[in-house]
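Before any comments, here is the structure.
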Amino acid sequence: MREITYLEAVREAMSQEMRENKDVFILGEDIGVYGGAFGVTRGMIEEFGPERVRNTPISESAIAGTAIGAALTGMRPILELQFSDFITISMDQIVNQAAKLRYMYGGKGKVPMVLRTPAGSGTGAAAQHSQSLEAWMTHIPGLKVVQPSTAYDVKGLLKAAMDDDNPVIFYEHKLLYKTKGDVPEEQYSIPLGKADIKREGTDVTIVATAIMVHKALEAAAELDKEGISIEVVDPRTLVPLDTDTIVESVKKTSRLVVVHEAVKRGGYGGEIASAIAESDAFDYLDAPIKRVGGKAVPIPYNPELEKAAVPQVPDIIEAVKETLNKRITTHA
Amino acid sequence: MIKTVKLPPQITEEKLVDLYKDMWLIRYFDEKVDEFFAKGMIHGTTHLCVGQEASASGACAVLENKDKITSTHRGHGHCIAKGAEVNKMMAELFGRTTGYCKGKGGSMHIADVDKGNLGANGIVGGGIPLAVGAGLTSKMKEEGYVVLCFFGDGASNEGSFHEAINLASIWDLPVVFICENNQYGMSGSVKEMVNIENIADRAAAYGIPGKVVDGNDIIDVMNGVNEAVERARNGQGPTIIEAKTYRWKGHSKSDAKKYRTREEEKEWREKDPIARLRKLLIDEGILTEEKADQLKQEAKHEIESSIEFAKNSPEPSVDELMEDIYA
Ligand SMILES: Cc1ncc(C[n+]2csc(CCOP(=O)(O)OP(=O)(O)O)c2C)c(N)n1
Ligand SMILES: [Mg+2]
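Here the protein sequences come in this chain order: D and B. Each residue of the first sequence is one higher than the last, beginning at 1 in full-length UniProt numbering. Each residue of the second sequence is one higher than the last, beginning at 1 in full-length UniProt numbering.
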């Protein structure tokens, strides 16, 4: 199969869909000849023209609302926000409008739109351009939340997001854009709500999201040398969450480490840990669940501090070892 | 006494000479940053204001020390113009503990609160309401300072612009809104992104004065801003000043500049704001060619030594990561 980058996979998914469906269009800042802040839409205005690749003013509230209004009335917009941090400016439109319109109207109307946006740290862009705020979105009934980790997944998940009749918040990780993988040329869909086991193992389950999937796989490879067998589960979508796959994995390994880049406090890892605590996998646990997440600090500029603010491979290895050393003792 | 142009009363000949050197400081600072960025010695992202020196220098020139500014992602010029030390700025870009933000902020977040610079901003339009809040403090505590709020043409399309200026207007706050219209917000041409000729014309919607100045002519900037600052200081409320200018470099790193022509760039380069002030100072007999060159060289040396300062400064230790989150 052909190898392309994560970035190219996103572009290809959009282009193929736009060729098929006239109702799909993109709007966002600098997505025209500039090709978007990260170059994802490069070449698209040349193919689809400025009507369907709509360069907007710097007005995140208005462009989010416009996408929602267009979606409500028959279009299928894709909104690109340059950095996921700027969702804060679109927030009313997404949270109070997009997420709730259908329900508030008693099931009338729908908002089929995708909000694509790059998240995460690692580029030295500092506190206002490096956050991972996906947990906020998962708290809002009516939204779906996707966090693809590979080129293959991003293409299939974006297709599913574009086909979905609900507002989907689609987080792309900046550091994944250049990563490569095998991606089919034709369109395909990966259902929202289907986790993927990225590595099978028997001793400890690591549930990791976005770039942390790769860090978890690196940790697993290291641990393998010590004879520790790790299963890495990538939920791929946070809403809906494939709890079953995680429960099954934990039943098999009896140990769980949850890893995300977002700040640990209030992060989605708490939701995953609770889902296990509430499930029948709870009885299978041999050690307390460990959460590994970002420190509760704005992302700093200095590269060493920036790295220290978010989980790294050794942090994951350490967490795994802790779960292996700490057995749950039953109190008489 | 200068004969050919009118100046705000507080601007002396010595001040003009200082401004000439300061504009070179700004230009050399950003050119060095550009160079070190290309070499990979500065990381992250950065936005350079080469070509826009007159709007930063001219606007800040008419201020008193107690006055404050809010700045933008393209803020190195504002910072220098408000009296910052280039050593601490460069050290910040190198991510060192001696930097203005101890290496935690970087280019987009340099703040020099002691000098009244409330900070650059990574969020387009993010600083506009902050300026209004600082103006409110000045009014409520009767501190008598004025706030200069810098923002770009692109930022004027954010809701924060509209909301903040309306508020400043109804409360008669001492804020001067300075739109540095450099013709583009990233790739978005102002011709395509607003349907009016001048962003200053929006002032009418808030019932405040709006004035266009030649942003590449430091004299015009000073006169326009000074009048607005006087109004603000006298309790007559805010003004929008639009300084028409141009950024010579790309928006940030790796900008192929496909959205504009090389001819257009050339036209604007001919309107070099530093060359213009130099000509005035020489024509007026305030500077000789030799003295002007000497000031330029001094500025260059200051920037070069700021690089040495930055390189020789310590990196923050990881122990400092969790410091300064809460007051
Ligand atoms: C809220 C927000 N939206 C988008 C961006 C990305 N961005 C950074 S600078 C910029 C252009 C700003 O244009 P303008 O206000 O004219 O200032 P200039 O860069 O021309 O100085 C954009 C779109 C951002 N940082 N913040
Ligand atoms: Mg601009």
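Backbone N, C-alpha and C define an ideal beta-carbon position, used for all residues, glycine too.
>> If the cut-off is 8 Å on Cβ atoms, which residues from the UniProt region "Disordered" (306–327) of chain B count as contacting chain D, listed in chain order?
In response: For the UniProt region "Disordered" (306–327) of chain B, the set of positions with a beta-carbon nearer than 8 Å to some beta-carbon of chain D reads 315, 316, 318, 320, 321, 322 and 325 in chain order.
> What separation, rounded to the nearest whole angstrom, lies between the Cα atoms of residue 121 of chain D and residue 286 of chain B?
Replying inline: C-alpha of residue 121 of chain D to C-alpha of residue 286 of chain B: approximately 51 Å in a straight line.
> Under a three-way DSSP split, which group does residue 233 of chain B fall into?
Replying inline: Residue 233 of chain B: helix per DSSP, three-state reduction.
>> Can you find the residues in the same chain that come closer than 7 Å, C-beta to C-beta, to residue 224 of chain B, ignoring five residues on each side of it along the sequence?
In response: Within the same chain, Cβ atoms closer than 7 Å to the Cβ of residue 224 of chain B are found at 211, 213 and 241, the five residues on either side in sequence being excluded.
>> Check whether the segment 61–73 of chain D and the segment 91–100 of chain D touch, using three or more Cβ-Cβ pairs below 8 Å as the test.
In response: Touching, yes, given that three or more Cβ pairs across the two stretches are closer than 8 Å.
> Among B:188, B:196, B:216 and B:69, which one has its Cα closest to the Cα of residue 130 of chain B?
Replying inline: Residue B:69 holds the alpha-carbon nearest to the alpha-carbon of residue 130 of chain B among B:188, B:196, B:216 and B:69.
> Comparing alpha-carbon positions, which option in B:147, B:106 and B:269 lies nearest residue 118 of chain B?
Replying inline: That would be B:147, whose Cα lies nearest to the Cα of residue 118 of chain B.
> residue 123 of chain D versus chain B: which residues are under 9 Å apart at the beta carbon?
Replying inline: Under the 9 Å cutoff, chain B gives 43, 44 and 45.
>> Does chain D have any CB closer than 7 Å to the CB of residue 57 of chain B?
In response: No - not a single Cβ of chain D is within 7 Å of the one on residue 57 of chain B.
> DSSP three-state call for residue 73 of chain B: helix, strand or coil?
Replying inline: DSSP, reduced to helix, strand and coil, places residue 73 of chain B outside both helices and strands of the structure shown, so it counts as coil.
> Listing by chain order, which chain B residues have their CB less than 8 Å from the CB of residue 295 of chain D?
Replying inline: Within 8 Å Cβ-Cβ: 321 and 322.
> From residue 316 of chain B to residue 91 of chain B, what does the alpha carbon distance come to, in whole angstroms?
Replying inline: Between residue 316 of chain B and residue 91 of chain B, the alpha-carbon positions lie close to 11 Å from each other.
> Taking Cβ-Cβ distances below 7 Å as the criterion, which residues of the segment 86–98 of chain D are in contact with chain B?
Replying inline: Those residues of the segment 86–98 of chain D that come within reach of chain B (Cβ to Cβ, closer than 7 Å) do not exist; the list is empty.
> Name the chain B residues whose beta carbon is nearer than 7 Å to that of residue 61 of chain D?
Replying inline: Listed along chain B, the residues sitting closer than 7 Å to residue 61 of chain D by beta-carbon distance are 159.
> Is the segment 131–142 of chain B close to the segment 199–209 of chain B, with three or more CB pairs under 8 Å?
Replying inline: Too few Cβ pairs lie closer than 8 Å, so no.
> How big is the Cα-Cα spacing for residue 43 of chain D and residue 3 of chain B?
Replying inline: Roughly 55 Å between the two C-alpha positions.
>> Does the CB of residue 215 of chain B have a neighbour CB from chain D at under 7 Å?
In response: False, the Cβ-Cβ gap to chain D never drops below 7 Å.
> Hey, which unbroken runs of the beta strand (DSSP E) at 3 residues or more fall wholly within the segment 224–277 of chain B?
Replying inline: Inside the segment 224–277 of chain B, DSSP marks whole beta strand (DSSP E) runs of 3 or more residues at positions 239–244, from first to last along the chain.
> Could you give the distance in angstroms between the alpha-carbon of residue 277 of chain D and the alpha-carbon of residue 191 of chain D?
Replying inline: So the two alpha carbons sit approximately 26 Å from each other.
> So, is the C-beta of residue 67 of chain D closer than 7 Å to a C-beta in chain B?
Replying inline: At a cut-off of 7 Å between beta-carbon atoms, residue 67 of chain D makes no contact with chain B.
> Which of helix, strand or coil does DSSP assign to residue 116 of chain D?
Replying inline: Residue 116 of chain D: strand per DSSP, three-state reduction.
> Can you list, in chain order, the residues of the segment 101–112 of chain B whose Cβ is nearer than 9 Å to any Cβ on chain D?
Replying inline: Within the segment 101–112 of chain B, the residues whose Cβ lies closer than 9 Å to some Cβ of chain D are 101, 102, 103, 104, 105, 106, 107, 108 and 109, listed in chain order.
> So, does the CB of residue 370 of chain D fall closer than 7 Å to a CB anywhere in chain B?
Replying inline: Any question about residue 370 of chain D goes unanswered here, given that chain D covers just 1 to 332.
> Which residues does DSSP pair with residue 144 of chain D in a beta bridge?
Replying inline: Residue 144 of chain D pairs with D:168.
> How about residue 168 of chain D: is its C-beta nearer than 7 Å to some C-beta of chain B?
Replying inline: So, not an interface residue.
>> Suppose the cutoff is 8 Å on Cβ atoms and the five residues either side in sequence are ignored; what does the same chain contact list for residue 247 of chain D look like?
In response: Spatial neighbours of residue 247 of chain D in its own chain (CB-CB distance under 8 Å, excluding positions within 5 residues in sequence) are listed in chain order as 275, 276, 279, 280 and 281.
>> With a threshold of 6 Å on Cβ separation, who are the neighbours of residue 81 of chain B within its own chain once the five nearest residues in sequence on each side are excluded?
In response: 56, 57 and 60, listed in sequence order.
> Is the number of C-beta pairs between the segment 303–310 of chain D and the segment 164–183 of chain D that are closer than 8 Å three or more?
Replying inline: Under the three-pair Cβ rule at 8 Å, the segment 303–310 of chain D does not count as touching the segment 164–183 of chain D.
> Along chain B, in chain order, which residues have C-beta atoms closer than 8 Å to that of residue 32 of chain D?
Replying inline: Near residue 32 of chain D (Cβ distances below 8 Å), the residues of chain B are 187 and 259.
> With DSSP run on the structure shown, which of helix, strand or coil describes residue 199 of chain D?
Replying inline: DSSP places residue 199 of chain D in strand when its eight states are reduced to three.
> Which stretch, first to last residue, makes up the alpha helix (DSSP H) that contains residue 260 of chain D?
Replying inline: Careful: residue 260 of chain D lies outside any alpha helix (DSSP H), inside the beta strand (DSSP E) at 256–263.
> Comparing the CB of residue 154 of chain B with every heavy atom of ligand 3, is any distance shorter than 6 Å?
Replying inline: Only ligand 1 and ligand 2 can be found as ligands here, which leaves ligand 3 out of the picture.
> Quick one: which chain D residues come within Cβ less than 7 Å of residue 193 of chain B?
Replying inline: Think of a sphere of 7 Å around the beta carbon of residue 193 of chain B: the chain D residues whose beta carbon falls inside it are 57, in chain order.
> Helix, strand or coil: which one does DSSP assign to residue 181 of chain D?
Replying inline: Residue 181 of chain D falls in the strand class under three-state DSSP.
> Given a threshold of 16 other Cβ atoms within 10 Å of its Cβ, counted over all protein chains shown, does residue 221 of chain D qualify as buried or as exposed?
Replying inline: The residue is exposed, with fewer than 16 neighbouring Cβ atoms inside 10 Å.
> Taking a cut of 9 Å between CB atoms, which residues from the segment 123–144 of chain B lie near chain D?
Replying inline: Under the 9 Å Cβ criterion, the segment 123–144 of chain B contributes 123, 124, 125 and 126.
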